[in-house]
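**Student:** Heads up: the sequence shown begins at 0 in numbering that gives the first Met the number 0, then just goes up one per residue. In this text, a Cβ means the ideal position worked out from N, Cα and C, and glycines have one as well. Nothing here was measured: the structure is a model prediction, and the numbers come from that model. This is the structure, below, for whatever I ask next.
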Amino acid sequence: MSEDWDFVKAKIDYMSHGFHIYPARMIPQVAEKLISKFYDPKLEGKLILDPFCGSGTVLVEALLKNIDAVGIDLNPLAVLLAKAKTTPIEPNRLYTTFIKLWNDIKKDVLKEDWIKIEKLLVKINKSKNNKEKTRIFEEVENICKNLGAEIPDILNTNLLYWFKPTTIKDLIIIKKHLSKIQDDEERCFFNVCFSATIRAVSGTRKDEFKLYRIPEKEWEKFAPMTFDIFKNKTLDNISKMAEFYNAVKNNKARAYIFKADTRNLFSEKSPAELAKILKENSVNLIVTSPPYGDSHTTVAYGQFSRYSLVWLGYEKKDIWKIDKESLGGIEKDDKIESETLNSILKKIENKSRVREVKSFFIDLGICLEKLSKALTPNGHACFVLGNRTVCGYRIPTDKILVELSKPLGLIHVETYYRNIPYKRIPWKGSPTNISGQKVETISKESIVILKKV
0 MSEDWDFVKA KIDYMSHGFH IYPARMIPQV AEKLISKFYD PKLEGKLILD PFCGSGTVLV
60 EALLKNIDAV GIDLNPLAVL LAKAKTTPIE PNRLYTTFIK LWNDIKKDVL KEDWIKIEKL
120 LVKINKSKNN KEKTRIFEEV ENICKNLGAE IPDILNTNLL YWFKPTTIKD LIIIKKHLSK
180 IQDDEERCFF NVCFSATIRA VSGTRKDEFK LYRIPEKEWE KFAPMTFDIF KNKTLDNISK
240 MAEFYNAVKN NKARAYIFKA DTRNLFSEKS PAELAKILKE NSVNLIVTSP PYGDSHTTVA
300 YGQFSRYSLV WLGYEKKDIW KIDKESLGGI EKDDKIESET LNSILKKIEN KSRVREVKSF
360 FIDLGICLEK LSKALTPNGH ACFVLGNRTV CGYRIPTDKI LVELSKPLGL IHVETYYRNI
420 PYKRIPWKGS PTNISGQKVE TISKESIVIL KKV
């Protein structure tokens, strides 16, 4: 009898897992099952590593089992979410901070200058003259400064396309008071609640991770209650934190999370603090779900994160390059040791797509080499993968991964298969980027188990 990996009716947003949505995330039940099945306390290495940690699902499950974990991701939003989800904070402490925050916001809203800001934002939205827009925006910046607040650069980030002027004003007020929270851990938690609010009050379609605005008729009527949404999300997350805090408060394990690139492990480009913790043979178990290799098309992590990061104060140049920095984001043409991949690439006529796919697997191979070094002998590496379609050809990432891993001393133990019941990527998409041309996207996952010999 085959094992069930689908978890069709499982609740996936319990404890801190429910703080914030994230694209194509591993469900906690899969992470928990892999840790239970393959973590071996008798081995020399003790850490659990997720080298593409996303919002931290694997790390949360490791902490629930009192196991130290390391998470790595290139996306600053992923790092923020993972830190908030793995940092237990006494819920009464959060509630006390929230009551003060909420009272301060309610008092601040009454100031007349906020209405002035909203009217000026409406003017910017209506103006067709760039010089006039710049002049009005400078006026808005000055009023915000006098109020002790900051406004993102709305002219160069297209903010007024995605947010109504009223919403922008409300978000400025919330952000102003969040910036006053002194405690780093608490501020991280509330920034995650803020990010979830940003997504809820933006005009982006909520059933997608790519940036598409809701239809025009819907947008005209769109009037989200920003303060209420923030309040409800925060109180809900405090409740979820209470569950998580009570589950781990007596545990000694902790999660170490880094904004870093797995391709750079064990090199001078890797953060010094990460190098202190993650050494060769120090990892007992790797559990991860690498990018699918289509961050420009189907699973756009950068697009999903963009406006949260704009509001959180990150630089535009750093935000806009997230997908470019992902695996395969920069073209490479090295030789690749995979018979399966090479035979498929010969069939694809679109040479640009061939280079893109090849670059992804070259980068994945570099990561596998680093992960093999980190893994302790007899330790396992579990990869949750989707086999995407390129130009009508299914790319068997699971099989290619096994072929790339073998020369690195990682032998194939087993592959499990699961249907994806929870999906925010449409079942049929246009990864070909040709309007009207639909192909089936990823509806099944493979769970590839490797072992270091």
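Could you tell me the boundaries of the beta strand (DSSP E) in which Leu412 lies?
**Tutor:** The sequence as given places Val at residue 412; Leu does not occur at that position. From DSSP, the beta strand (DSSP E) with Val412 extends over Leu409 to Asn418.
**Student:** State the Cα-Cα distance for the pair Asn102 and Asn129, rounded to the nearest angstrom.
**Tutor:** Using only the alpha carbons, I get a separation of about 38 Å.
**Student:** Going by CA-CA distance only, name the one from Trp113, Ile237 and Lys275 that's closest to Gly147.
**Tutor:** Cα-wise, what sits closest to Gly147 is Trp113.
**Student:** What does Ser445 pair with, by DSSP beta-bridge criteria?
**Tutor:** Paired residues: Leu384 and Tyr416.
**Student:** Grouping DSSP H, G and I as helix and E and B as strand, with all else coil, what is Ala252?
**Tutor:** It is coil, neither helix nor strand.
**Student:** On the CB-based measure, 16 or more other CB atoms within 10 Å of its CB, does Leu344 come out buried or exposed?
**Tutor:** So Leu344 ends up on the buried side.
**Student:** When DSSP labels each residue in this structure, what does Asn377 get in the three-state scheme?
**Tutor:** In the structure shown, Asn377 sits in a strand (DSSP, three-state: E or B).
**Student:** Report buried or exposed for Tyr21, applying the criterion of at least 16 other Cβ atoms within 10 angstroms of its Cβ.
**Tutor:** Tyr21 is buried by the Cβ-count criterion.
**Student:** In chain order, what are the residue ranges of uninterrupted alpha helix (DSSP H) at least 4 long that sit wholly in the region 41 to 78?
**Tutor:** Fully enclosed alpha helix (DSSP H) runs of 4 or longer: 56 to 63.
**Student:** In the DSSP output, which residue or residues are listed as bridge partners for Tyr392?
**Tutor:** Beta-bridge pairing links Tyr392 to Val389.
**Student:** Apart from the five residues just before and just after Cys192, which ones in its own chain have a Cβ nearer than 6 Å to its Cβ?
**Tutor:** Closer than 6 Å at the Cβ level, and outside the excluded window around Cys192, lie Lys232, Thr233 and Asn236.
**Student:** Measuring straight from C-alpha to C-alpha, what distance separates Thr133 and Tyr392?
**Tutor:** Cα to Cα, the separation comes out at about 48 Å.
**Student:** Check whether the Cβ atoms of Val121 and Pro164 lie closer than 8 Å to each other.
**Tutor:** Going by C-beta atoms, Val121 is nearer than 8 Å to Pro164.
**Student:** Using DSSP's beta-bridge definition, name the partner residues of Thr203.
**Tutor:** Arg212, per the DSSP bridge assignment.
**Student:** Looking at the strands, I want to know which residues DSSP matches up with Ile285.
**Tutor:** Looking at the DSSP assignment, Ile285 forms a beta bridge with Leu48 and Ala380.
**Student:** Beta-carbon separation of Tyr244 and Glu89 under 8 Å?
**Tutor:** Going by C-beta atoms, Tyr244 is nearer than 8 Å to Glu89.
**Student:** So the candidates are Lys168, Gly70 and Asn249; which of them puts its Cα closest to the Cα of Lys457?
**Tutor:** Outside the shown range of the chain, which is 0 to 452, sits residue 457, and nothing can be said about it.
**Student:** Identify, in the order they occur along the chain, each residue of the same chain with its Cβ nearer than 8 Å to the Cβ of Asp67, setting aside the five sequence neighbours on each side.
**Tutor:** So the qualifying residues of the chain are Lys45, Leu46, Ile47, Ala61, Ala252, Arg253, Ala254 and Tyr255.
**Student:** Mind checking who Phe303 pairs with in its DSSP beta bridge?
**Tutor:** BP columns for Phe303 are empty, so no partner.
**Student:** Among Val389, Leu370, Leu384 and Cys390, which one has its Cα closest to the Cα of Leu407?
**Tutor:** Taking only the C-alpha atoms, the option nearest Leu407 is Leu370.
**Student:** Candidates Pro50, Met224 and Phe37: which alpha carbon is nearest Lys64's?
**Tutor:** The candidate whose alpha carbon is nearest that of Lys64 is Phe37.
**Student:** How should Glu2 be labelled, buried or exposed, when 16 other C-beta atoms within 10 angstroms of its C-beta is the threshold for buried?
**Tutor:** Flag for Glu2 reads exposed.
**Student:** Go ahead and pull the three-state DSSP assignment for Phe229.
**Tutor:** Helix, per DSSP.
**Student:** Taking the C-alpha atoms as reference points, what is the distance between Glu185 and Ile98?
**Tutor:** If you take the alpha carbons of Glu185 and Ile98, they lie about 13 Å apart.
**Student:** Quick check: what's the CA-CA separation for Asp182 versus Tyr415?
**Tutor:** Rounded to whole angstroms, Asp182 to Tyr415 spans 43 Å at the Cα level.
**Student:** I need the DSSP call for Phe265, collapsed to helix, strand or coil.
**Tutor:** Three-state DSSP puts Phe265 in coil, outside helix and strand.
**Student:** Could you tell me whether the Cβ atoms of Thr469 and Thr225 are closer together than 8 Å?
**Tutor:** A question about residue 469 goes unanswered here, because the residues of the chain that appear run from 0 up to 452.
**Student:** When DSSP builds the beta bridges, which residues end up paired with Phe257?
**Tutor:** According to DSSP, which records beta bridges pairwise, Phe257 is partnered with Ile71.
**Student:** Is it buried or exposed for Gly312, if we count other Cβ within 10 angstroms and need 16 for buried?
**Tutor:** Per the 10 Å Cβ criterion, exposed.
**Student:** Report the CB separation of Cys52 from Ala77 in whole angstroms; it is logged as a contact under 8 Å.
**Tutor:** With 8 Å as the limit, Cys52 and Ala77 qualify as a contact, their Cβ atoms being about 7 Å apart.
**Student:** Between Ile150 and the rest of its own chain, which residues show a CB-CB distance below 7 Å, the 5 nearest in sequence each way excluded?
**Tutor:** The answer, listed in chain order, is Val139, Glu140, Cys143 and Ile171.
**Student:** Cα-Cα, which of Asn249, Ala81 and Leu400 is closest to His16?
**Tutor:** Minimum Cα distance to His16 is reached at Ala81.
**Student:** Roughly how many whole angstroms lie between the Cα atoms of Ala9 and Gln28?
**Tutor:** Looking at the two C-alpha atoms, the distance is approximately 8 Å.
**Student:** Buried or exposed: which applies to Ile321, given that a residue is buried once 16 or more other Cβ atoms fall within 10 Å of its Cβ?
**Tutor:** Its Cβ being crowded by 16 or more others within 10 Å, Ile321 is buried.
**Student:** Return helix, strand or coil for Lys32, following the three-state DSSP convention.
**Tutor:** Correct three-state label for Lys32: helix.
**Student:** Does DSSP classify Lys127 as helix, strand or coil?
**Tutor:** In the structure shown, Lys127 sits in coil (DSSP, three-state: anything other than H, G, I, E or B).
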